[in-house]
Amino acid sequence: NYQDEAASNESKLKATWDEHMGTVEKETIFYRKAVVLLLSWHPDVDDLHTQGEVTELHDVFRDTFRYEAVRKVLTQGSGPTAQSQANKFLSDFVYDHDDTNTLLIVYYAGHGRPGESTGGLKLAGYSSKPSEDELHEVIWNSAEHNIRSTKSDVLVIFDCCHAGELEKNVRSGFSRRAFEYLAATSAKSTTRKPGKHSFTKALIWSLQNLVEMGKSFTTQELLTKVLNAPDFPKDQSPRLSERGSACVRRIVLAPLNRDIAPETAKLRPEDEEEGARMDLSLRFVFNRTITKQMVKNLAMELRRVVSGDDFKARTVLWEGINS
992 NYQDEAASNE SKLKATWDEH MGTVEKETIF YRKAVVLLLS WHPDVDDLHT
1042 QGEVTELHDV FRDTFRYEAV RKVLTQGSGP TAQSQANKFL SDFVYDHDDT
1092 NTLLIVYYAG HGRPGESTGG LKLAGYSSKP SEDELHEVIW NSAEHNIRST
1142 KSDVLVIFDC CHAGELEKNV RSGFSRRAFE YLAATSAKST TRKPGKHSFT
1192 KALIWSLQNL VEMGKSFTTQ ELLTKVLNAP DFPKDQSPRL SERGSACVRR
1242 IVLAPLNRDI APETAKLRPE DEEEGARMDL SLRFVFNRTI TKQMVKNLAM
1292 ELRRVVSGDD FKARTVLWEG INS
């Protein structure tokens, strides 16, 4: 298990920032529908043996959250390539379920490798590269185009090595649509195999624990809970980021209440103002190493400032550390 020290530390500091900054105006979207697509490899080519944990997570989403859960298995053989399969699974998923006031969740368990260029990620069933390996890998950045232009909010969750390679570090505009990514680990880092120390085990525990508290929770609260799961490695740093345009609200998870008619829930209005009008970028320059306490204090003080009646800012977003 290898953790890149710089990437891991930056992920921890970002988690601290997000936890203490949050959004000034709390906006909760109650979804009419939530659907989960769980992707993994066929047991014949899955040397990590992820099937048990994927099944357990599937059951939590289906039975505890009452989300519709769909499992799809990637295969290797004489048929369509793994890339073609992934493209079809995702396009069918969007075609069948995309709608306003809907949450789409895509989860993947398996191997991950850095792509050919910065910010790329390849998915595979085997840890070793077989011959003609390009036919047995999924270039996620290509497959992901299928879920980039949805009406729904989208949450992607990856439990694989190098999951943090997908971190989006370029500035973009704002959107009312949330497209978030929860990575099991930071860039240039590995994650644990299925077992009590795995990210998926911590995710399952966190989802169940938060539901038992009897309230809805944001993806940031989910990440915080994962970091504090009983057997989750302290040196591993999951990361929550945005894959699309920045959104000032977080995705909120909660069991669907089938006893309440959808029209009685607070839904996202179609005529809602599109994102933020303007944004201002500032850079804080430090003459010493940035610590967790420094980030916490800065987030809390800035939150106090932007919460003022005269300021009218929604939040302050983390864009990264340069050294």
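Under the numbering used here, the residues of the sequence shown are numbered 992 to 1314, in order.
Using N, Cα and C, we set each Cβ at its ideal position, and we do this for glycine too.
Item: Per DSSP, cross-strand counterpart(s) of A1025; Value: L1094
Item: Buried/exposed call for M1269, threshold 16 Cβ in 10 Å; Value: exposed
Item: Per-residue DSSP class, three states only, for S1207; Value: coil
Item: Nonlocal neighbours in the same chain, by C-beta distance under 8 Å from S1180, ignoring five residues either side; Value: Y993, Q994, D995, A998, S999, C1152, H1153, G1155, Q1227 and S1228
Item: Proximity below 8 Å, CB of G1235 to CB of R1167; Value: no
Item: CB contact flag (L1146, H1102, <8 Å); Value: no
Item: Inter-residue spacing [alpha-carbon to alpha-carbon] between T1066 and L1308; Value: 40 Å
Item: Expected contact under 8 Å - CB spacing of L1157 and L1112 to nearest Å; Value: 5 Å
Item: Pairwise C-alpha distance: L1028 and F1084; Value: 7 Å
Item: Beta-bridge pairing of I1148 - partner residues as DSSP gives them; Value: Y1098 and L1173
Item: Backbone secondary structure at S1031 - three-state DSSP; Value: strand
Item: Nonlocal neighbours in the same chain, by C-beta distance under 8 Å from H1088, ignoring five residues either side; Value: K1024, V1026, E1059, L1095 and S1143
Item: Burial state of N1078, where buried means 16 or more other Cβ atoms lie within 10 Å; Value: buried
Item: Identified DSSP bridge partners for V1129; Value: L1114
Item: Q1284, buried or exposed, once every other Cβ within 10 Å from all chains shown has been counted against 16; Value: exposed
Item: Environment of P1221 [buried if 16+ CB atoms lie within 10 Å]; Value: exposed
Item: Whole-angstrom distance between T1091 and R1274, CA atom to CA atom; Value: 36 Å
Item: Beta-carbon separation (whole angstroms), K1063 vs F1080, contact threshold 8 Å; Value: 4 Å
Item: Bounding residues of the alpha helix (DSSP H) (the contiguous stretch that carries S1082); Value: A1073 to H1088
Item: C-alpha distance - K1003 paired with H1011, whole-angstrom precision; Value: 13 Å
Item: Proximity to V1217 [Cα-Cα], best of Q1199, F1056, S1133 and T1282; Value: Q1199
Item: First and last residue of the uninterrupted beta strand (DSSP E) at S1232; Value: R1230 to E1233
Item: Coil, strand or helix - L1065 by DSSP; Value: strand
Item: Check whether V1243 and S1197 have beta carbons under 8 Å apart; Value: no
Item: Assumed close pair V1129, L1114 - CB separation to whole angstroms, cut-off 8 Å; Value: 4 Å
Item: Supposed contact pair A1100 and D1054 - C-beta distance, whole angstroms, cut 8 Å; Value: 19 Å between Cβ atoms; not a contact.
Item: Residues that DSSP places opposite L1244 in a beta bridge; Value: F1208
Item: Distance, D1050 Cα to H1188 Cα; Value: 20 Å
Item: Cut-off 7 Å between Cβ atoms - residues of its own chain near S1118, not counting five sequence neighbours on either side; Value: D1038 and H1102
Item: Helix, strand or coil at A1154 according to DSSP, with G and I counted as helix; Value: helix
Item: When S1082, A1174, T1280 and A1290 are compared against N1137, the one with the closest alpha-carbon; Value: S1082
Item: Straight-line gap, T1182 to A1193 (C-alpha atoms, nearest Å); Value: 12 Å
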